[in-house]
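Protein sequences appear in the order of chains A and B. Residue numbers for the first sequence follow this note's numbering, beginning at 199 and rising by one. Residue numbers for the second sequence follow this note's numbering, beginning at 4 and rising by one. For each residue, glycine too, the CB sits at the ideal point set by N, CA and C. From a predicted model like this one, the values you see are computed outputs, not experimental measurements.
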Amino acid sequence: MSKEEKKVNRRDFLFTASYTVGAVGVGAVIWPMIDQMNPDKAQKALATTEVDISSIEPGKSITVLWRGKPIFIKKRTSEEIAEARAVKLDDLPDPQKDEDRVKEGKDEWLVMLGVCTHLGCVPLKDKGDFNGWFCPCHGSHYDVSGRIRKGPAPTNMEIPKFEFVDSNTIKIG
Amino acid sequence: MSEHEYTPKSKAGKWFNDRLPLLTLGAHLTDYPTPKNLNYWWTFGGILTFCLITQIVTGIVLAMHYVAHADLAFASVEHIMRDVNYGWLIRYIHSNGASMFFLAVYIHIFRSLFYGSYKSPREVIWIIGLMIYLLMMAAAFMGYVLPWGQMSFWGATVITNLFSAIPLVGDSITTWLWGAYSVDNPTLNRFFSLHYLIPFLILGLVVLHIWALHVPGNNNPVGIDIKKPSKDTVPFHPYITIKDAFALLVFMIIFAGFVFFTPNVLGHSDNYIPANPLVTPAHIVPEWYLLPFYAILRSVPDKLGGVILMFSAIFILFVLPWLDTSKVRSAVFRPIYRQFFWILVIDVLMLGYVGAMPAEGVYLVLARVGTVYYFLHFIVVMPVVGYLEKTDPIPMSISEPVLTGGAEPSIARKVNDKV
């Protein structure tokens, strides 16, 4: 009896084969149950949105909804652009040049996801210590380029994928 | 399971019991020997069972009128409040019932902490209880989202965003939880589904909780092991049932006071504004029963660190039976631990208070001090005090202090002799 236990016999093979096939089968059933919770086709269909920006005055901004989230579109004044570009990168918790956050030649247009990178609240405009945005939930301060300056948020406000369809229209997504 | 043989008197009862011993189970629950010195802190198990049943019954009824859709949810809740017969009553019982549930569970947990009910041989009861507590928090959070008001929406946003702090996969997990690119209709739909499921999971765990309790039997205020059945025990029915019933009645009076006189005092007025994804309310606060954890989250100036610390504050309780090194269960005989216990109570209350305040200035300082002490209590105080403390002599039996009017050191067992 003890001799036989040491050998790999037909029964061991059958056990291993059964468990393996069973595990593959369970996995094949579990994955659809998990993946069904990911965004569906209807959600993905809302992936782009076109916005008319002709009526925005310099220094003003509008908020539009894209994929259920607010997008801030701000036409910055030349002073505001200069202010954003005067900041030393060493002073930024998440160093990024203002030039890298806008489209070249369209430097006055800041288009960004209006969602605090801490826990997802919508920051308030023209508030905070840095002339930009301030998140009331947990006190994150963003500058005029939407970069995090102070508070618990780890990164700058996100720049979504967008392009200028013509000089008065942008397409987000 | 039962220490006694039970035979039904009637022939039909015997016939049935031989095939499914439900009557034996009933007899076990009726005669279950219970320590005779249980005080009113021990009545919260029954009160919690009442709370769970209340939430399930009122919840099933509300689901008959509620519509889980982002465009209709808010209006359907108002419809329940204005049009449905007694809808206002049922909803107020359900929403205040959640608060009463947590009130009772916190008393139940601190009872356990004071009398050492989590210690050997009751670790599994304690861990099952914590699992129930976790599910309660999940159910309460998702239930709060369902009316789709401003606090619902932004509470859901903040809490689901906690998962985005996880490195690498955080954003994918958050999107998966949402079923969209923000908190949206798919989120509401699944939260409703899970909110309906969780109470039944809790019910299953409650059965295990009581089953695990009936193996070693109840702890008691003196905290000593007792022989059962003996002169130290009484049958569960009628002695404990009548005591539980009285406590439950007092509890129900307080419950009814909230429902009928101040049904919204524990809620937040912003939740009577329909959800608006473009505007965040100025002060986002969770429901009161989550405030201490919220204070811990906000006390850390780092996103991931705050999230880790908040979850640790709950999960550290799971290893509590092994952090406590004292051989004496009840704090009645632990003069040093007893003081730290009350400091912890004050600490948690203070964290709850600062969690409701803005995270700045003195509140932030208090939150940080409170957070540090919370962890010190479990990681340092419990092991060290348990080891160094000179405990008071504990009695030989429950009857002894009752019959002699106090513990006699001369005849008392000295558990910590060697320390």
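Quick one: Cα of A/Gln234 to Cα of B/Ser175, how far?
-> If you number the first sequence from 1, residue 234 of chain A lands on position 36. If you number the second sequence from 1, residue 175 of chain B lands on position 172. Across the structure, A/Gln234 and B/Ser175 are spaced so that their CA atoms are roughly 14 Å apart.
Local Cβ density within 10 Å of B/Met4, reported as buried at 16 or more and exposed below that = In the second sequence, counting from the first residue as 1, residue 4 of chain B sits at position 1. Any reading at B/Met4 must be qualified, since the residue scores a pLDDT of 42, below 50, and its modelled position is unreliable; the value itself is stated next. Label assigned to B/Met4: exposed.
Flag A/Met310 as yes if its beta-carbon sits less than 8 Å from any beta-carbon of chain B, otherwise no.
-> On the first sequence, position 112 is the one that residue 310 of chain A refers to. Chain B contact via Cβ: absent.
Can you have a look at B/His286 and say buried or exposed, based on whether 16 or more other CB atoms are within 10 angstroms of its CB?
-> Here residue 286 of chain B refers to the residue found at position 283 when the second sequence is read from its first residue. With fewer than 16 Cβ atoms within 10 Å of its Cβ, B/His286 is classed as exposed.
According to a CB-to-CB cut-off of less than 7 Å, which residues of the region 169-183 of chain B neighbour chain A?
-> From the region 169-183 of chain B, only Thr178, Trp179, Gly182, Ala183 have a Cβ closer than 7 Å to chain A.
Same chain only: Cβ atoms within 8 Å of A/Pro293, ignoring 5 sequence neighbours per side | Translated into positions along the first sequence, residue 293 of chain A becomes position 95. Around A/Pro293, the same chain offers Leu287 as residues with beta carbons nearer than 8 Å, after the five sequence neighbours per side are excluded.
Closer than 7 Å at the beta carbon, the chain B residues around A/Lys272 = Residue 272 of chain A sits at position 74 when you count from the first residue of the first sequence. The premise fails here: A/Lys272 is roughly 15 Å from chain B at the closest Cβ pair, so nothing lies under 7 Å.
Using a Cβ-Cβ distance under 8 Å, would A/Pro268 count as near chain B?
-> Within the first sequence, residue 268 of chain A is the residue found at index 70, counting from 1. Taking a beta-carbon distance threshold of 8 Å, A/Pro268 counts as an interface residue toward chain B.
Beta-carbon proximity check, B/Gln153 vs B/Ala278, cutoff 8 Å = Counting from one through the second sequence, the residue named residue 153 of chain B turns up at place 150. Counting from one through the second sequence, the residue named residue 278 of chain B turns up at place 275. For the 8 Å CB-CB criterion, B/Gln153 and B/Ala278 form a contact.
Cβ distance (whole Å) where B/Ala250 is taken to contact B/Tyr43 below 8 Å | Sequence index remark: in the second sequence, residue 250 of chain B carries index 247 (1-based). Sequence index remark: in the second sequence, residue 43 of chain B carries index 40 (1-based). Yes, B/Ala250 and B/Tyr43 are in contact; Cβ-Cβ is about 6 Å, under 8 Å.
As assigned by DSSP and simplified to three states, the class of A/Val262 | As a first step, residue 262 of chain A is located in the first sequence; it is residue number 64 there, counting from the start. It is a strand residue.
Within the 8 Å Cβ cut-off, does A/Met231 reach chain B?
-> The residue you call residue 231 of chain A lines up with position 33 of the first sequence. Interface annotation, A/Met231: not in contact with chain B, CB-CB separation never under 8 Å.
Can you grab the Cα-Cα spacing for the pair B/Ala76 / B/Gly270, in whole Å?
-> Working through the second sequence from its first residue, we reach residue 76 of chain B at position 73. Working through the second sequence from its first residue, we reach residue 270 of chain B at position 267. Computed Cα separation, rounded: 18 Å.
Contact check, A/Arg265 vs B/Ser315, beta carbons under 8 Å | Within the first sequence, residue 265 of chain A is the residue found at index 67, counting from 1. Within the second sequence, residue 315 of chain B is the residue found at index 312, counting from 1. If you check the CB distance, A/Arg265 and B/Ser315 do not come in under 8 Å.
State yes or no: is the beta carbon of A/Met199 nearer than 8 Å to at least one beta carbon in chain B?
-> Indexing the first sequence from 1 puts residue 199 of chain A at position 1. Note on A/Met199: pLDDT 49, under 50, position unreliable in the model; the coordinate value appears next. No, A/Met199 lies away from the interface with chain B (no Cβ there is under 8 Å from its Cβ).
The beta strand (DSSP E) with A/Asn329 in it runs from where to where?
-> Along the first sequence, read from residue 1 onward, the residue named residue 329 of chain A stands at position 131. Element bounds for A/Asn329: 329-333.
Ordered list of beta strand (DSSP E) runs contained in the region 276-322 of chain A, each at least 3 residues | Within the region 276-322 of chain A, complete beta strand (DSSP E) segments of at least 3 residues are found at 307-311, given in chain order.
Could you give the residue range of the alpha helix (DSSP H) that holds A/Ile271?
-> Looking up residue 271 of chain A in the first sequence gives position 73. In this chain, A/Ile271 is not harboured by any alpha helix (DSSP H); it is covered by the beta strand (DSSP E) spanning 267-273.
Mind the definition here: the region 44-57 of chain B touches the region 164-179 of chain B only if three or more C-beta pairs lie below 8 Å; say whether that holds.
-> As far as the Cβ criterion goes, the region 44-57 of chain B does not touch the region 164-179 of chain B, which means the pair count is below three.
Going by alpha carbons, who is nearest to B/Val479 out of B/Met134, B/Phe321, B/Thr61?
-> Shown here, chain B extends from 4 to 422; a query on residue 479 of chain B therefore has no answer.
What is the DSSP secondary structure of B/Val237, reduced to helix, strand or coil?
-> Residue mapping note: residue 237 of chain B aligns to position 234 of the second sequence, counting from 1. In the three-state scheme derived from DSSP, where H, G and I count as helix and E and B as strand, B/Val237 is classed as strand.
Where B/Val331 and B/Asp395 are concerned, what is the direct C-alpha to C-alpha distance, given to the nearest angstrom?
-> Translated into the one-based positions of the second sequence, residue 331 of chain B becomes position 328. Translated into the one-based positions of the second sequence, residue 395 of chain B becomes position 392. If you draw a straight line from the Cα of B/Val331 to the Cα of B/Asp395, it comes to about 9 Å.
So which residues on chain B does A/Gly225 lean against when the C-beta distance must stay under 7 Å?
-> Within the first sequence, residue 225 of chain A is the residue found at index 27, counting from 1. Here the premise fails: no neighbours, minimum Cβ distance about 17 Å.
Using Cβ-Cβ distances below 8 Å, what residues of the region 334-346 of chain A are close to chain B?
-> Per Cβ criterion, the list reads Pro334, Cys335, His336, Gly337.
Alpha carbon to alpha carbon, how far is B/Val253 from B/Val262?
-> Residue mapping note: residue 253 of chain B aligns to position 250 of the second sequence, counting from 1. Residue mapping note: residue 262 of chain B aligns to position 259 of the second sequence, counting from 1. If you take the alpha carbons of B/Val253 and B/Val262, they lie about 14 Å apart.
What residue range is occupied by the uninterrupted beta strand (DSSP E) comprising A/Asp250?
-> Indexing the first sequence from 1 puts residue 250 of chain A at position 52. Secondary structure note for A/Asp250: its beta strand (DSSP E) is the uninterrupted segment 247-250.
Tell me, please, whether the region 84-92 of chain B touches the region 146-161 of chain B by the rule of three or more beta-carbon pairs shorter than 8 Å.
-> Counting Cβ pairs under 8 Å, fewer than three are found: no touch.
CB-CB under 7 Å to B/Met353, same chain, minus the five flanking residues each way: which ones, in chain order?
-> Translated into positions along the second sequence, residue 353 of chain B becomes position 350. Cβ contact annotation for B/Met353 (same chain, cutoff 7 Å, sequence separation greater than five): Leu369, Gly373, in chain order.
When you compare only the Cα positions, how much space is there between B/Ile63 and B/Ile245?
-> Position 60 of the second sequence, counted from the start, is the residue given in the question as residue 63 of chain B. Position 242 of the second sequence, counted from the start, is the residue given in the question as residue 245 of chain B. If you take the alpha carbons of B/Ile63 and B/Ile245, they lie about 29 Å apart.
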